Amino acid sequence: MNDKGDKYNRILKASIEVISEKGLHKTSISDIVKKAEVAQGTFYLYFSSKNALIPAIAKNLLTIILDNLKNQVNTDESFWQALQIYIDETFVLTDQYKDVLSLCYAGLAFDYSMETWEKIYEPFYLWFENLLIIAIERGEVDSLIPISWTTKLIINSVENAAERFYISKDQEMTCDDSKEALFCFIQRSLICK
12 MNDKGDKYNR
22 ILKASIEVIS
32 EKGLHKTSIS
42 DIVKKAEVAQ
52 GTFYLYFSSK
62 NALIPAIAKN
72 LLTIILDNLK
82 NQVNTDESFW
92 QALQIYIDET
102 FVLTDQYKDV
112 LSLCYAGLAF
122 DYSMETWEKI
132 YEPFYLWFEN
142 LLIIAIERGE
152 VDSLIPISWT
162 TKLIINSVEN
172 AAERFYISKD
182 QEMTCDDSKE
192 ALFCFIQRSL
202 ICK
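Numbering (this note's numbering), first residue to last: 12 to 204.
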């Protein structure tokens, strides 16, 4: 990777670490550049402010989970195995980055448009849509489902369940029971009757 990309990635990584530790309001740009080991002016080459980090952080976190999923899921597995892996990874990532995810959701909701959010999710949606198309071809799920809409609904449902458990502390059930209930709910919704 070139030095420019390396500095950008170091700033992004440092931002996630410092914001996770201190929160956005207590984090200064000085904290970030010190952790990233770059000059303060370098920060401003990539970001106009702390708030400008939010879409980049959200995209980075989604890239992490998508890369993890691509490494774990192959097209030989059933859709249901892939879904279980997706649910598990989402819960792990949400637990690990709950403070940063809260920041991303709040920041993108207030400072950025829905189009920005959708653009960040586009590679994720395409990956999941491909899983659904293969599942339909194999007869694992109902062939009449609207693929794009169903993809977004499943992704939103899984993320919402993980956020409710780790961020909202809605822990009526154990983590494993929450994941199992979610899996069963999605499975019942997609199977041909």
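Don't be surprised by glycine CBs; every beta carbon is placed ideally from N, CA and C. Since the model is a prediction, treat every value here as computed from it, not as a measurement.
With respect to Lys-46, Glu-28 sits close: the two C-beta atoms are nearer than 8 angstroms. DSSP places Lys-130 in the helix class (H, G or I) of the three-state scheme. Nearest C-alpha to Val-49 among Ser-113, Lys-109, Tyr-19 and Glu-133: Tyr-19. Fewer than three beta-carbon pairs drawn from the stretch 33-44 and the stretch 66-78 are found closer than 8 angstroms, and the two stretches are therefore not classed as touching. For Leu-164 and Thr-53, the gap between their C-alpha atoms comes out near 39 angstroms. A Cβ-Cβ distance of about 13 angstroms is found for the pair Ile-75 and Gln-83, leaving them out of contact under the 8 angstroms criterion. The beta carbon of Trp-138 lies closer than 8 angstroms to those of Leu-77, Leu-80 and Lys-81 in the same chain, with the five residues before and after it left out. Here Lys-81 carries a helix assignment [DSSP, helix/strand/coil].
Contact between the stretch 98-109 and the stretch 183-194 is established, with three or more Cβ pairs separated by less than 8 angstroms. Apart from sequence neighbours up to five positions away, the residues of its chain that approach Ala-25 with a beta-carbon distance below 6 angstroms are Ile-43, Lys-46 and Ala-47, ordered along the chain. With a cutoff of 8 angstroms on beta-carbon distance, Thr-105 and Tyr-177 are scored as near each other.
Around the C-beta of Asn-85, fewer than 16 other C-beta atoms lie within 10 Å, and the residue is accordingly described as exposed. For Thr-105, the enclosing alpha helix (DSSP H) has its first and last residue at 90-107.
For the 8 angstroms CB-CB criterion, Glu-140 and Ile-158 form a contact.
One alpha carbon belongs to Ile-145, the other to Ile-156, and they sit about 13 angstroms apart. Following the DSSP letters along the chain, one finds Phe-176 inside the alpha helix (DSSP H) bounded by residues 158-177. Taking a contact as a CB-CB distance under 8 angstroms, the pair Leu-73 and Tyr-108 does not count as one, their CB atoms being some 11 angstroms apart.
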